[in-house]
Structures are given as structure tokens and as C-alpha cells.
Amino acid sequence: MTLRTRRILYVSFAAAFFLASPPLVLYTAGFRYDFAYRRIVVTGSLVVKSNPPDATVRLNGELRKEPTPTIINTILPGKIKLLVEKEGYHSWEKEIEIKPRVTSFEESITLFADAAPEAALGRPAVQYWWSPSGDKVAYATNENTLRLFNALNQKDTLIANVSDGRAVSLSWSSEQDRFFFSRGAPGGQKEFIVVETLSPERIVPLEDIADGPIRNVQWDPANQSSVYALSGSGKLIRLNYLLATEHAVAEGPIRDYLAEPKRIVMLATQTSGKAYLAWINPVDSSTVHLVPAAELSATDKLVATRSRYIAVKNPRTAALLVVDPSVGAALSGEAVTVIPEALNPLWTDDGNTLVYSDGFGIYTRSFAIPLSVLPSQNLASTLVTRYSKPIRELAITGNGTHVFYAVRGELRASELNASSDPRGTTLLSVPAEEAGGVSGISGLRYDGRRNALTFIGAHGVLQTLRLSLEDSRAFPFGN
Numbered sequence: 467m468t469l470r471t472r473r474i475l476y477v478s479f480a481a482a483f484f485l486a487s488p489p490l491v492l493y494t495a496g497f498r499y500d501f502a503y504r505r506i507v508v509t510g511s512l513v514v515k516s517n518p519p520d521a522t523v524r525l526n527g528e529l530r531k532e533p534t535p536t537i538i539n540t541i542l543p544g545k546i547k548l549l550v551e552k553e554g555y556h557s558w559e560k561e562i563e564i565k566p567r568v569t570s571f572e573e574s575i576t577l578f579a580d581a582a583p584e585a586a587l588g589r590p591a592v593q594y595w596w597s598p599s600g601d602k603v604a605y606a607t608n609e610n611t612l613r614l615f616n617a618l619n620q621k622d623t624l625i626a627n628v629s630d631g632r633a634v635s636l637s638w639s640s641e642q643d644r645f646f647f648s649r650g651a652p653g654g655q656k657e658f659i660v661v662e663t664l665s666p667e668r669i670v671p672l673e674d675i676a677d678g679p680i681r682n683v684q685w686d687p688a689n690q691s692s693v694y695a696l697s698g699s700g701k702l703i704r705l706n707y708l709l710a711t712e713h714a715v716a717e718g719p720i721r722d723y724l725a726e727p728k729r730i731v732m733l734a735t736q737t738s739g740k741a742y743l744a745w746i747n748p749v750d751s752s753t754v755h756l757v758p759a760a761e762l763s764a765t766d767k768l769v770a771t772r773s774r775y776i777a778v779k780n781p782r783t784a785a786l787l788v789v790d791p792s793v794g795a796a797l798s799g800e801a802v803t804v805i806p807e808a809l810n811p812l813w814t815d816d817g818n819t820l821v822y823s824d825g826f827g828i829y830t831r832s833f834a835i836p837l838s839v840l841p842s843q844n845l846a847s848t849l850v851t852r853y854s855k856p857i858r859e860l861a862i863t864g865n866g867t868h869v870f871y872a873v874r875g876e877l878r879a880s881e882l883n884a885s886s887d888p889r890g891t892t893l894l895s896v897p898a899e900e901a902g903g904v905s906g907i908s909g910l911r912y913d914g915r916r917n918a919l920t921f922i923g924a925h926g927v928l929q930t931l932r933l934s935l936e937d938s939r940a941f942p943f944g945n
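The sequence shown runs 467 to 945 under the working numbering.
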């Protein structure tokens, strides 16, 4: 090789190095050429996770090789369409914005099963109540009977005849093997009966224990052989149906109460006729703790909150009053939150979030920060979704990630914890009349044990709609 040739090769390699180095450095640094804008731009990244995993990902219609969970790098900045799909599930689609040198996260994607509801019972029902374990369901029929279905042995047992199946109330014990129900009795009164599910023929009428008529019966969280009740004069009493004893807890007149593990909240009336809120410790019922609150009406009802807060609802106006009992009287104005219209108020399991409807929209309000720290005047509800037609039925997941509702002949699910632009999914539509339809859905509830929805369909059939194909526990029923 001559000296001239060596010089040419040396100059050529040097020129190639200096020409290729800038593009290579820019490429490894995340820069790309945007043909739409004809310029070099800095790219962004996207993290995608889904439940269930192993779902396919498409960006602007282009299929990516890696299933979820995945990290997608070097995406040109701007708005893109993200589509997550999995066989047997409803797809999830959202328009997101990719920013330069920023990693975007979509880690809370939930795919719902594209499944048809299945009948859980052989008879039509007008009301139903699952046991805590989910293997038994008590239900009232349009034939005015109360029955118990055991999913483990497929046995359907008649419990009692009732005057009106739609007027029956029922509550399961946390010990799962017993419940009490109420039915109409002669004279316009209600009778309350305890039933042992292991021996349904063993029934205990609470009227045989109480000294007079009772109402508003609730389980004693500390002793499952006892119940609380209000006497005819409005006195709060405790009945032990095993020992057949009655014990006075608080003097009345008490309009309403809630028996909680560490306190009993009471809505009572003063001698002047004015209503007030108070609570007592079940261990020391002699000390009554007054709760500062706004003016209460004669028809107000207490609503369970799963937290330290006390909620009172006006059935006539649907106004909801939320009170923080830990705030002193001097700060009573900051201790009260008033929501003008709250239909179907539901609290998450941790008691930090309230989900409710005003009839046409669904809202959330956070109570994670004490009202004494962040006064109620500074709190605002967040709109999840809104329709021009009424929203019927409402159910939420225990962790507050999704809300389920019926509207315009559809059963839908919407995200609650999305940082922006919550997604909605249609789970069931009117044409599925063979499955019971959705035009007459009632009693919509979310079953967290099996990740399924249960409801009474248009034909009175109790149905289960699984939300995941991954969990075989979604169907304990064999008929």
C-alpha cells in the first residue's frame, strides 16, 4: 500500500468518525428525528402495567413486541393513543401525552373480563344478602318467602314466610353462621328473628327476650351472641339471645344509632325536641361525648363511614353531613362538611374516600387529611363522570379504584384513582336480554372475595358477573 493510499484511508476514516459521532451520541442520549416537524427532538418513555398482566400494547396502532408490564423508550413527544388488549377482556384505550426527558406511567390499568352474567339462584329474588364468607346467600322472593341458598351443597332452604318480600331487612353476623331478619307483624310492628344457618330450624324471636316492642336492631361487634336495639321509648338496649337477657345501654329518646367496634354513635333528642349527635364507649356507656354539628332534622339517618368521621343523611333532601368528632367545639365550623346532594354514598374500606352520585354525575371526595388540618371549606368534590340521563345503582371496589353503575341501559365501570382522564368500560348492554338485561338491574354490589359483580336482573334472577378470568373463585355456584 502506497503512502498516498494510506493517507486517503486515514482521512476517510477520520471524516467518517467525525460525521457519525454526533448522530450516534444524540441517538444514545435519546434524541430522534421527528419527520412531522422536520427537526431533532428529545424523546420520552412510557411504563405500562396492567391487571391481569401479559396484555398486548399498541402505540398509535403499532403493536409492540413486549407484553405488559413493559417499559417503552424513545417515544417521540406529543399525544399518542395507547391501547392495551388481552383475549377475553375488554380493551383499555387512552390518549396520553409524552414529554421530552420524562417517563410517563400508566401502572393502574385494569382489564375487565368480557363475560356474560350467570344465574346464581334457581328462583327469582327481590332482595338478597351474601354471608361474609360468600358461600351462602339469603334472599327474599316475589312469593313473599325468605330462603337460604348454600353454594357448597347446593341446598335451598325455606326460612320463613313474610308479608312483603321487598320490606324484609336482614343482617349477617360477622361469625358467618347466623343472621337476623325482620318481617311485618300484626299491629303494624316488626318482629326480629335470629336464625342459625347450621340449623335453620333454630330461630330465636327477639321479642321473646325484650321487654316490649323493639326496632333498629344491629349486631354487637364485641359479642356476636348479642344485638343492640331501640325500645319503644327510644332507649338503647342490648339483648343477649343465648342468655335471654336485656341490658339498658343509654337512655332515650334516641332516633338512630350505629354500633361500631369502639363506639356507638347516637342521633338523639333533647327535652326541648332539638336533635343532637353524641357517642359513647361500649365499655363505659355512662360517659356521653357530644359532637358539634350543624342543625339536624327529625328524619336524619346515620351513615356508616368506616372511619372516625360521623355521617348524617337527610332522606328528604339527600344532603350529607360529615362531622369530625375529634375537632373541638371552638372549631366546629371546620369540623363539618356538607354535601348538598349525595345519593348512594359509599365509603372505601379505609374510610378515606367518599363516592356518591347526585343523580346524573358521580363524584369523589377525599377525607384522608383531618378536617382540623385542612378545613372543610377548602375541600372540593372531584367529578368522575356525568350523563344526561339518570344514574341508577352504585357500587365500588373496596380499595376505591373503580365505581360500577347502571345508566342508559348499560352496566359500566369507571376509574376513580386515575390522575387524569379516567377511563370507562361498558360491561353489559341492553341487547344481552338472555342474560337478564340491565334495564331492570337492582341490588348492584361488588364482591371483593371473587372480584365479581352481583345484581338482580330484569327478570328477577340473581346473577354474578365475573370481572376477571384469572380467578376461578368467581363462581362458587353449580346450578
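All residues carry an ideal CB built from backbone N, CA and C; glycine is no exception.
Assuming residue i contacts residue j (C-beta within less than 8 Å), just tell me the rounded distance between them.
{"i": "residue 859", "j": "residue 872", "result": "5 Å"}
{"i": "residue 922", "j": "residue 555", "result": "Not quite, the Cβ-Cβ distance comes to about 25 Å (not below 8 Å), so this is no contact."}
{"i": "residue 651", "j": "residue 929", "result": "Not a contact, Cβ separation roughly 32 Å."}
{"i": "residue 641", "j": "residue 690", "result": "5 Å"}
{"i": "residue 734", "j": "residue 721", "result": "7 Å"}
{"i": "residue 723", "j": "residue 702", "result": "6 Å"}
{"i": "residue 865", "j": "residue 913", "result": "Incorrect: roughly 14 Å between the Cβ atoms, too far for contact."}
{"i": "residue 785", "j": "residue 804", "result": "7 Å"}
{"i": "residue 577", "j": "residue 538", "result": "That belief does not hold up - the Cβ atoms of residue 577 and residue 538 are roughly 18 Å apart, past 8 Å."}
{"i": "residue 810", "j": "residue 829", "result": "No, residue 810 and residue 829 are not in contact; Cβ-Cβ is about 11 Å, not under 8 Å."}
{"i": "residue 807", "j": "residue 790", "result": "Not quite, the Cβ-Cβ distance comes to about 21 Å (not below 8 Å), so this is no contact."}
{"i": "residue 566", "j": "residue 543", "result": "5 Å"}
Smallest Cα separation from residue i: which of the options?
{"i": "residue 634", "options": "682, 687 and 814", "result": "682"}
{"i": "residue 854", "options": "876, 827 and 867", "result": "827"}
{"i": "residue 613", "options": "663, 825, 696 and 641", "result": "663"}
{"i": "residue 679", "options": "806, 655 and 935", "result": "655"}
{"i": "residue 611", "options": "625, 601 and 600", "result": "625"}
{"i": "residue 893", "options": "581, 523, 511 and 576", "result": "581"}
{"i": "residue 529", "options": "551, 544 and 508", "result": "551"}
{"i": "residue 750", "options": "729, 699, 565 and 883", "result": "729"}
{"i": "residue 833", "options": "783, 851 and 777", "result": "777"}
{"i": "residue 916", "options": "910, 906, 931 and 908", "result": "931"}
{"i": "residue 673", "options": "598, 706, 688 and 644", "result": "706"}
{"i": "residue 419", "options": "849, 773, 879 and 560", "result": "No information on residue 419 is available, as it lies outside the stretch 467 to 945 that the chain covers here."}
{"i": "residue 541", "options": "521, 533, 557 and 564", "result": "564"}
{"i": "residue 781", "options": "762, 918, 870 and 684", "result": "762"}
Would you decide whether residue i is buried or exposed? Buried here means 16 or more other CB atoms lie within 10 Å of its CB.
{"i": "residue 933", "result": "buried"}
{"i": "residue 686", "result": "buried"}
{"i": "residue 631", "result": "buried"}
{"i": "residue 628", "result": "buried"}
{"i": "residue 899", "result": "Its pLDDT being 45, under 50, residue 899 is placed unreliably in this model, and the value from its coordinates should be taken loosely. Answer is exposed; the Cβ neighbour count stays below 16."}
{"i": "residue 901", "result": "Only weak support exists for where residue 901 lies, its pLDDT of 44 falling under 50; the value from the coordinates is given anyway. Under this definition residue 901 is a buried residue."}
{"i": "residue 618", "result": "exposed"}
{"i": "residue 653", "result": "exposed"}
{"i": "residue 510", "result": "buried"}
{"i": "residue 665", "result": "exposed"}
{"i": "residue 801", "result": "buried"}
{"i": "residue 927", "result": "buried"}
{"i": "residue 661", "result": "buried"}
{"i": "residue 903", "result": "Unreliable placement is indicated for residue 903, whose pLDDT of 47 sits below 50; the coordinate value is still reported in the next sentence. Buried is the call here."}
{"i": "residue 925", "result": "exposed"}
{"i": "residue 568", "result": "exposed"}
{"i": "residue 744", "result": "buried"}
{"i": "residue 746", "result": "buried"}
{"i": "residue 796", "result": "Unreliable placement is indicated for residue 796, whose pLDDT of 49 sits below 50; no coordinate value is reported for it."}
{"i": "residue 881", "result": "buried"}
{"i": "residue 688", "result": "exposed"}
{"i": "residue 468", "result": "exposed"}
{"i": "residue 857", "result": "buried"}
{"i": "residue 545", "result": "exposed"}
{"i": "residue 773", "result": "buried"}
{"i": "residue 766", "result": "buried"}
{"i": "residue 779", "result": "buried"}
With DSSP as the reference, please indicate the residues paired to residue i in a beta bridge.
{"i": "residue 779", "result": "767 and 786"}
{"i": "residue 680", "result": "697"}
{"i": "residue 647", "result": "636 and 659"}
{"i": "residue 712", "result": "705"}
{"i": "residue 686", "result": "Bridge partners of residue 686: none, in fact."}
{"i": "residue 584", "result": "930"}
{"i": "residue 691", "result": "Paired residue(s): none; residue 691 is not in a bridge."}
{"i": "residue 757", "result": "743"}
{"i": "residue 725", "result": "730"}
{"i": "residue 626", "result": "612"}
{"i": "residue 951", "result": "One cannot answer for residue 951 here, as it falls past the ends of the chain, which runs 467 to 945."}
{"i": "residue 823", "result": "809 and 828"}
Handout entry: Cβ pair count under 8 Å reaching 3, the segment 597-607 against the segment 558-573
Key = Touching, no.
Handout entry: Any 3 or more C-beta pairs closer than 8 Å across the segment 709-720 and the segment 735-754
Key = Look at the beta carbons and you see the segment 709-720 touching the segment 735-754: at least three pairs across the two are nearer than 8 Å.
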